[in-house]
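Read through the structure below, which is laid out as structure tokens, and then see the notes.
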Amino acid sequence: MLTMTVIGADRNAWGYLMGTVSTEHTLDRADSRAAYYMANGTPPGAWAGAGAAVLGLTATAGDVRKEDLEALFGEGNHPLTGAALGKRFITKKDADESPKKRQSVAGFEFVFSPPKSVSSWWALADPELKDNIRACHQAAIDATIEKLETDIVRTRSGVDGVAQQHVKGITAALFDHWDSRDGDPQLHTHMLVSNRVQGEDGKWRTIDSRWSLFPAVATAGAYYDTVLMDELSMRFGIDWTTQACLEYPASYQRWLSDTGRPDTVSTRHQYALERGEAPGSVAWQILDVPQDLNREYSTRSRDIAAAKDQQIAEYVRQHGRQPTPKQIIRMRQQATLATRKAKQNRSLKALTTSWRERATRHVGESFLFADRVRDAGKARLNDLPLWSFRHDDVDNEAVQDAAACALTALSIGKSTWGRRNAETEALRAIAGWRFRSPADRDQAVARVVDHVLEEAIALTPRNTLRAPTRFRTESGESMFHPAARDLFTTQEVWDAEERMLEAGRTQNAAAVDQELVDELVHTQVAGGDLVLGTDQAAAVESIACSGRLVDVLVGPAGSGKTTSLEKLREIWETQHGPGSVRGLAPTARAAEVLAESLGIETENTAKWLHETARGTLEADGFSYELHEGDLIIIDEASISGTIALDTLRAQAENAGAKLLLVGDWAQLSAVDAGGTFGLLAADREDVAELTELHRFKTDWEADASKLLRLGKAAGLAEYITHGRISHGLDETIVQDAVDAWKTDEGTLGEDGTLVSLLIAPTNDMVERLNQIARDWRIETGRVDATHETRVQSGVASPGDRIVTRQNDRTLRTNHDRWVKNNDEWTLQDIDPDTGDITAVSGDETVVLPGEYCRDHVQLAYATTAHRSQGRTVDTAHAIIDTSASRETFYVAMTRGKYSNRAYVVDDEDNVLGDNAALGMERDWKDTLEAVLRKQSAPSAHQAAADELERVSSIRQLTAEYQTLIASQLEDEYLPLLADLGVLEEESHESPYLGPVLANVRRIEQLGYDPRDTIEEVLASRELGSARATIAILHYRLGKLVDDHTELNYFADEYAPMLHNFGIDLTREDPTQYRSSLKLARTLAALDDQGTVPVEGAVREALESIDRQETQNLTAHLSRLLQTRHELNVDLVATAARHRGTGRLVAGLIERAPAHPDPDFQAALADREQAILLRAEHLVDQAIANEEPWLSELGDPTPGAPEGWRRRAATVACFRELYGIDSVEALGPEVLVAQNRERDRAVAGEALRPAGRSLHESDHLVLSPDTVRPIVGLSPSV
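The working numbering puts the first residue of the sequence shown at 4, with every later residue one more than the last.
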């Protein structure tokens, strides 16, 4: 197993890590090979990775020292020389002092852990065997490091990090550990990887964690696991089995007998899968290590939290208040020490002695047991060629079988996936195959992955834009579009979505007559007092009359979906007969609620699919047969998977029935391949949607919840204003939530005591909350703790609220209702002999057998967000941490009618100092904003559209273009900028660098000296940071070039006329251009005014000027003309109107200078063409969508629409470049960004219908022969 955690830049972090990882056991360094066995503690850290070798650490540094970690991880410096490796880290202190700064990620902590059975065997081995087992573990780590370096870890360069580069290796520090925090044997290795890597260009940058590392953690983990299995098998002949076979040996033997299969590694794997385990959940263990021994060495660690909670409760009883955060941290330390089973400084020899004592009752003489496992493998080694493979031993049929398994896992797991997902599933599919080397496994997996991708559908469009050699990898891949980012889907998922889309568009299915709907839709609902609201009535009418085979009802939380469905059922059954409406839901409990609410027959969706697949027509009095005219309501449809929905669609179509999907795309989605509900909801403009919220008792909460639903951080403001959000350490915030829950539980509401719900992010947190709530109810006399029985979550007593977690149709209430998952009860009585529970819910009673209770009953005071979806209570108290997503947060904050409160965890770990120690403390607002940005995966079709937008966006293309510009001029001008102090490490990825270099070339061509000019333009004011310097230089050099471009434009019109008066508008000395430009702008303004002829006005003005006494004739003439004719020259607008004529792409993006290399020039030309195509496409899209900003352009000139489209393209280009989605064409002003405001002025000038706007040469003239578009960029492609 492999886990990974982010590490922040902070010196305090290294004090923690060296204390708990490297020096926790106070090991004295020794030269002896076996010193680690006798010494108190674990070996010192060792350097690893090609990056460490480049830095000279593996050859000269020796053991890892604290000062090494502080230099590398705390500062981002070379541990030996102190030289900076890239730009300086921003620490937590820096971030605290400057809110605009974000703390740097200094590195990543990987933890490599072998299966429990490997640690169990290793624990009982003698020192020599221990070394050999550990060597296999180390070999697997080494192979994984090599894979990380060659195949996974990348860095990013260029504007916006648009180019992904290979790296020269990673720098890692390895620390071996022997035991868990509870003293159980747990061989594992901590690997600290620096977030500083050297790219192929020699520059030190950060790891591209988002697009290279994070997606590959599961891949690296599966690789380590399988290589470790190979190493142990090749060296010791170890045989492997699955955890399922060890847990259920009798069942496995029956399965072998029933299927007629032999007992092999492959059948053990298949048995685990057929038991329902996901491929990623199949755990492998050594066959000859008994399960009882593994259990002995798997002590539960929740005792720490329980002991700490007990200390806090005792403190509150004594002092009448909560302890301070510092006091809680001390309590946590005390609880950790009090519950720990082994001292931290014990030697491996002492630990081995204790482990052998514990093992005796399971394996007899434990030291002989380790030898027996080794000896059992020796016989298998004699037959090694029969059960191990080289890569070329695997035939094509086996590869196809493995690829089919991987595709099945991918289809079930996700609608979309990437190359890394495919590789992970390929590794899991062949985990039972033994290879003779990591290289053999690599090549076999590559064949499987290739076959998977051949069978898959690519969602990321093929990019045809050329990239110069400098921006291609050795394999020919473009650095701008790394294959690891490509998304795919399976044919099965794509086809299922296609069929669902078509069914949503088909309008020849069952329906209700419009006259009947008009008659009934506004009458009272179900004979009660309620009448549908306007939105509800419109939704019911739309669904009833649409004739669509698959219809959708979108309803946010609290929008009155049930009321709408009641009326729909009444109308539908009036025309199609009683019983023609039935319902399905994702859980049996939800189905029962739907049945009670609508008075219809319902079933669990999975049960329905299971029975109909078997051909069942009726079972237990429920009909599984569909008839023509039936309406099948799928409640909480966003949770339903794509394949399941498509199966239901086919059944409805075959029967002549109609399928109605009810839910909310903003709530929780399917755990398997999903997103179909959201796809269908977005496919039509007339989708039935409920907009009025009826659940919430306050208007502000209804409005704020709508913003949360859309992921808008602005929605948090109202919750904060009304005191609905609090934050703190996990213990204090948990206690705050419980205290508020207690208050609500004792408060009377409109219908008696309020019903309140605690919502937690994890099952472990649910158990903690349940125990705290139970203790309080015991103290208040609501629970009788003198009698108790075992349940899955611990113990329960009369008065406790409990929930059943397993459907059981054999357990019936006195009303003949069977027990369902998520049913809530109050425990009434306990049979002291059997542990059977008598539970009540309302006026229903049921007896739950003791065995069922121990496996499937939990306390019910708290739940997770997933299990709370669909519930409505009076108040809800949700504990939120970084594991939450937008969907879980929205669901948690919309369960309560009167109040919904969030309690944000500052410190999320139960082990002292996790976040503080790793240096990545996060402000609670950052946590919530990150939660709102985190969304579930979309459908395959939506992902395809998103991918097209990503690769073809103006921002992406401009970043590539500016990166190419910078690259072509770096060799010529970077030394100059560095010598002038303009360029620092962080400037290399600036979006301004390319345009700056291009303008340096242009000013040189205009006759300026680059060095003198740069010094002059930077001398006028304070510059600030290096990033600000390069931005200001971009602005000022650009303005200089623009001024000359503008002057040249005016010269074509006014220079001949002025020459007749003895005035040279284009002087040879380029430094004397300003007065000429001022005069040209004055003449243009006079021309625009149109009150007098320009030539006559100039002649008249010159007649009043004494030329011999005038030093600067052009400047004097400008002032005189402006005064006489009351001219107001708008310098910004005039400059923008003529900015860059002939050197702008789509009227906005600065064009690159010509490049002598045809390969490079072709790449630049491709992106110029693609930018213009994209801008034109955005205009077409805006016209089709009737976007409001188009009105600011005015109407096209009759007979000449080209000019209007050119202006629209410039504005569209600006909008997408800067992410503007407001109804105003240019969005709000951002005065702190001069370059953006300069672009804004150009786009603003394009809005002027009568302005000089843009010359045609600003836009590329394209022909079909020269265009190399990205697929989908143009509406015609």
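Yeah, the Cβ is synthetic: ideal placement off N, Cα and C, and Gly gets one too.
Annotation for residue 365: the continuous alpha helix (DSSP H) segment containing it runs 351-366. In the structure shown, the three-state DSSP call for residue 1183 is helix. Restricting attention to 262, 389, 496, 199, the CA atom closest to the CA of residue 943 is found in 496. A check of alpha carbon separations from residue 870 across 653, 744, 590, 1117 identifies 590 as the nearest. In the structure shown, the three-state DSSP call for residue 436 is coil. With respect to the C-alpha of residue 1164, the residue from 225, 470, 164, 118 having the closest C-alpha is 470.
Between the beta-carbon of residue 249 and that of residue 51 there is about 33 Å, and that puts the pair past the 8 Å contact cut. Note on geometry: alpha-carbon atoms of residue 359 and residue 857 lie some 31 Å from one another.
When secondary structure is reduced to three states using DSSP, residue 1198 falls in the coil class, being assigned neither helix nor strand.
The C-alpha of residue 1223 is placed about 20 Å away from the C-alpha of residue 718. Residues of the same chain with a CB within less than 8 Å of the CB of residue 297, apart from the 5 flanking positions on each side, are 119, 120, 123, 249, 288 in chain order. Taking the Cα positions, residue 357 is about 56 Å away from residue 708.
Contact between the stretch 949-957 and the stretch 888-907 is absent: fewer than 3 CB-CB pairs across the two stretches fall below 8 Å.
In the same chain as residue 110, and ignoring 5 residues on each side of it, the C-beta atoms closer than 7 Å to its own belong to 10, 76, 195, 196, 197, 198, in chain order.
The beta strand (DSSP E) runs lying completely inside the stretch 827-909 and spanning 3 residues or more are 840-844, 847-851, 860-862, 865-867, 876-883, given in chain order. Inter-residue distance for residue 117 and residue 4 is about 6 Å (C-alpha atoms, whole angstroms). Residue pairing by DSSP places residue 999 opposite no residue, since no beta bridge is assigned to it.
Three or more beta-carbon pairs separated by less than 8 Å link the stretch 236-255 to the stretch 372-382, which places the two stretches in contact. Look at residue 661 here: in three-state DSSP terms it is strand.
In this structure, DSSP gives residue 188 an extended state, which the three-state scheme calls strand.
Given a length threshold of 3 residues, each whole run of the beta strand (DSSP E) inside the stretch 771-837 is given here in chain order: 792-794, 797-799, 804-807, 811-815, 826-833. Residue 1162 places its beta carbon less than 8 Å from that of residue 472. Sequence-distant Cβ neighbours of residue 744 in its own chain, meaning closer than 6 Å and more than five residues away, are 759, 761, 880. Of all C-beta pairs linking the stretch 636-644 to the stretch 502-519, fewer than three are shorter than 8 Å, placing the two stretches out of contact. Between the alpha carbons of residue 1130 and residue 1057 lies a gap of roughly 18 Å. In the three-state reduction of the DSSP assignment, residue 80 falls in the strand class, which pools E and B.
A straight-line Cα-Cα distance of about 45 Å links residue 224 and residue 693. Nearest to residue 806 by C-alpha distance, out of 812, 813, 796, 815, is 796. Residue 175 sits in a strand when the DSSP states are folded into three classes. In this structure, the alpha-carbon of residue 962 lies about 21 Å from that of residue 1042.
Collapsing the DSSP output to three states places residue 719 in a helix. By the criterion of at least three beta-carbon pairs nearer than 8 Å, the stretch 473-486 is not in contact with the stretch 649-663.
Taking C-alpha positions only, residue 1011 is separated from residue 1166 by approximately 29 Å.
Going by beta carbons, residue 1250 and residue 1228 fall inside the 8 Å limit. Bridge pairing for residue 1153: 1147 [DSSP].
For residue 108, the secondary structure class from DSSP, reduced to helix, strand or coil, is strand.
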